[in-house]
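Novice:
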Amino acid sequence: MKKPHHIIIAGAGLVGSLLALMLGRRGYRVTVLERRADMRRVEMPGGRSINLALAERGMHGLKMAELMGDVESLLIPMRGRMLHDRQGNLEFSPYGQRPHEVIYSVSRGELNKLMMTAAETHFDVDVLFNQSVEKVDFENNRVFIKDHVCDKTTSLEFELIIGADGVGSEVRTALLEVNGGHCSIDMLDHDYKELSIPPSNSGESLWQMEREALHIWPRGGYMLIALPNLDGSFTVTLFLPGKGVPSFELIDEPHELEQFFDEQFADAKALIPNFQEEYFGNPIGELGTVRCDRWIYQDKAMIVGDAAHGIVPFHGQGMNAGFEDCSELCRLLDEHDDDWSAVIPEFERIRIPSANAIADMALENYITMRDSVMDEKFQLKKEIGFELERSFPDLFIPRYSMVMFHRIPYAEVYARGVIQDEMLNQLCAGINSASELDAERAAELVTSRLEPVVQPA
Ligand SMILES: Cc1cc2nc3c(=O)[nH]c(=O)nc-3n(C[C@H](O)[C@H](O)[C@H](O)COP(=O)(O)OP(=O)(O)OC[C@H]3O[C@@H](n4cnc5c(N)ncnc54)[C@H](O)[C@@H]3O)c2cc1C
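In my numbering, the protein residues as written are 4 to 460.
Structure below.
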């Protein structure tokens, strides 16, 4: 198969919708099968990551799909972390050091709807709702679909099927049965629960806390975070162990919840009017990491997004990485003149190492967010990192910036990050402020140990 006439995508979530739009734009006929009802017509259950951080890799995909202009009105810039201590004192810590080095809070639902509508309206794309992929038969090239409205199973012939059906992917299960690959799903022993801070009904601002920041209440073994929404509210997420002290298991009575929040997050609690109702009413979400060593089957099937690489949310990169899958796939299609037999294996070859690298960095960033950000040593390393970036912009870029503000492949980011961290440890040893940095030693280390960064086109 060189160029399929018709492509089936399983899942109209964030990644499936963007991919449908991009492939539709390239002239393909696309059918998207989505298990859920149409979120533009039916209200979706709340309590599951209402907003997300969008960064450079995700925005690049949206630009390629020519949708960034429409998405801009949905965005709130977050310029840094606003750290809240137990007494309610605030400290702002910028993410980057240049004006454009910000990340953006965006509503998951609004972004998803925009992408689906753009794909359906302008291109040969059909999104069929209430349709679950149940089984894929690769011998006869048929996908079996359950229609949840009339409770019937039908089948459809396919040339190419792409699984964008999330962490529990049926397409992945089917392709691993035939390609001999292996997949692990490692569940984190921490879960999450969402709460909300409503808009202000008095004062100058609609927002009850600083709007252009990602708020964090780091507490060592756990944390609370909050991202702003356009309507003036904040979506608040509590990340906490499932078991142990403290844990979701132990905080299951109103008085335990009151006491825990009074001690740890009093300033946040004061802003959450329906605190008990939301805590006991909203579901507990689980978090895990999906790693697969095969993402394709011949030139008939591939997986993208969380189906291929579900990661924990602590670097805010799951959707961004999924959007990068879409932009990288289209880059390869350009390079190979839409010859999918060449593109599919190449996609797998370049994306798996990157997916594994961001999975590791996302796990590491949980420790950073819930613990290290309060540490003086962390702040010093960050300041010196910024200093080195100012002095050697082509050689040294802080790892957080490489992930969030650049499109350098994640695997390379990871490798450079290891070298840079060793360097920062050496340079920070025995000093207490950035003014004490040994500039000569820094120059020697940076120029001898790091190759110039090659920025993707
Ligand atoms: C608490 C939390 C916070 C997060 N924050 C961020 C963030 O700040 N930044 C970021 O980049 N990422 C973030 N993420 C990650 C992000 O949500 C995911 O990476 C992203 O949603 C992946 O998109 P997807 O389309 O691959 O999968 P999904 O969003 O899971 O979509 C899969 C779709 O497939 C459908 N489906 C499933 N099974 C079938 C089937 N058998 N047949 C048909 N359809 C099916 C589902 O209904 C769904 O619509 C966060 C995740 C969580 C849990």
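Glycine included, every Cβ here is placed at the ideal spot set by N, Cα and C.
Our contact map puts Phe-408 next to Val-449 with C-beta atoms below 8 Å; I'd like the distance itself, whole angstroms only.
Specialist: That belief does not hold up - the Cβ atoms of Phe-408 and Val-449 are roughly 19 Å apart, past 8 Å.
Novice: Classify Met-81 as helix, strand or coil using the three-state DSSP reduction.
Specialist: strand
Novice: Is Phe-399 helix, strand or coil by DSSP?
Specialist: coil
Novice: Going by the CB atoms, is the gap between Asp-194 and Gly-245 shorter than 8 Å?
Specialist: yes
Novice: Do Gly-64 and ligand 1 come close, with the Cβ less than 7 Å from some heavy atom?
Specialist: no
Novice: Start and end of the beta strand (DSSP E) containing Ser-110?
Specialist: 106-110
Novice: Per DSSP, Phe-237 is paired with what?
Specialist: Ile-200, Pro-231
Novice: Over what stretch of residues does the beta strand (DSSP E) that includes Gly-308 continue unbroken?
Specialist: No residue range can be given for Gly-308, since it is assigned to no beta strand (DSSP E) and is classified by DSSP as neither H nor E.
Novice: Is the separation between the beta-carbon of Leu-55 and that of Val-109 shorter than 8 Å?
Specialist: yes
Novice: Run through DSSP, which three-state label would Ser-344 get?
Specialist: helix
Novice: Please go through the same chain and pick out, in chain order, the residues whose beta-carbon is closer than 6 Å to the beta-carbon of Thr-157, but skip the five residues on each side of it.
Specialist: Ile-148
Novice: If contacts are defined as beta-carbon pairs under 8 Å, then Thr-238 and Ile-53 qualify, I think. What distance do you get, rounded to the angstrom?
Specialist: 5 Å
Novice: Suppose you measure from the CA of Arg-410 to the CA of Glu-379; what does that come to, to the nearest Å?
Specialist: 29 Å
Novice: By the 10 Å Cβ neighbour count, where 16 or more other Cβ atoms means buried, how is Glu-37 classified, buried or exposed?
Specialist: Glu-37 counts as buried, since no fewer than 16 other beta carbons sit within 10 angstroms of its beta carbon.
Novice: The beta strand (DSSP E) with Asn-277 in it runs from where to where?
Specialist: Asn-277 -> no beta strand (DSSP E), and no H or E assigned at all.
Novice: Taking DSSP as the reference, what is the three-state secondary structure of Ser-208?
Specialist: coil
Novice: Any heavy atom of ligand 1 within a distance shorter than 7 Å of the CB on Ala-56?
Specialist: yes
Novice: In this structure, how does DSSP classify Cys-186 when only helix, strand and coil are distinguished?
Specialist: strand
Novice: Keeping to the same chain, check which residues put their C-beta closer than 7 Å to that of Gly-61; ignore five residues upstream and five downstream.
Specialist: Met-322, Asn-323, Phe-326
Novice: Buried or exposed for Phe-95, please, with buried defined as at least 16 other CB atoms from any protein chain shown within 10 angstroms of its CB.
Specialist: Burial state of Phe-95 is exposed, judged by a 10 Å Cβ sphere holding fewer than 16 other Cβ atoms.
Novice: Shortest alpha-carbon distance to Asp-88 belongs to which of Lys-138, Pro-102, Asp-265?
Specialist: Asp-265
Novice: Output the boundary residues of the alpha helix (DSSP H) element that contains Arg-444.
Specialist: 442-452
Novice: Are the segment 215-228 and the segment 170-186 touching, with three or more C-beta to C-beta distances below 8 Å?
Specialist: no
Novice: Output needed for Gly-166: all residues of its chain with C-beta closer than 6 Å, excluding positions within five of it in sequence on either side, in chain order.
Specialist: These residues qualify, in order along the chain: Ala-13, Ser-172, Val-174, Arg-175, Ile-306, Ala-310.
Novice: Taking all protein chains shown into account, decide if Glu-280 is buried (16 or more other Cβ within 10 angstroms of its Cβ) or exposed.
Specialist: Within 10 angstroms of the beta-carbon of Glu-280 lie fewer than 16 other beta-carbons, which makes it exposed.
Novice: Return the chain-ordered list of same chain residues with a C-beta closer than 6 Å to the C-beta of Tyr-413, the five sequence neighbours on each side being excluded.
Specialist: Ser-357, Ala-360, Ile-361
Novice: What is the rounded straight-line gap between the Cα of Met-118 and the Cα of Ile-370?
Specialist: 33 Å
Novice: Looking only at its own chain, which residues have a Cβ that is under 6 Å from the Cβ of Val-152, when we skip the five neighbours before and after it?
Specialist: Asn-133
Novice: Rounded to the nearest angstrom, how far is the Cβ of Ile-164 from that of Ala-304, given a contact under 8 Å?
Specialist: 5 Å between Cβ atoms; contact.
Novice: Using C-beta distances below 6 Å, list every residue in its chain close to Gln-100, excluding the 5 sequence neighbours before and after it, in chain order.
Specialist: Taking Gln-100 as the centre and dropping the five residues before and after it, the same chain places the C-beta of Phe-389 closer than 6 Å to its C-beta, in chain order.
Novice: Please confirm whether Leu-398 has its beta-carbon closer than 8 Å to some beta-carbon of chain B.
Specialist: Absence of chain B from the displayed structure is noted, only one protein chain being present.
Novice: Are Val-128 and Asp-168 touching if we call contact CB-CB under 8 Å?
Specialist: no
Novice: Ends of the alpha helix (DSSP H) at Ser-330?
Specialist: 321-338
Novice: When you compare only the Cα positions, how much space is there between Pro-270 and Cys-333?
Specialist: Looking at the sequence provided, one finds Asp at residue 270 rather than Pro. When only Cα atoms are considered, Asp-270 and Cys-333 end up about 46 Å apart.
Novice: What is the C-beta distance between Leu-22 and Cys-329, in whole angstroms, given that I count them as a contact (C-beta under 8 Å)?
Specialist: The Cβ separation is near 5 Å, so the contact holds.
Novice: Any heavy atom of ligand 1 within a distance shorter than 7 Å of the CB on Gln-320?
Specialist: yes
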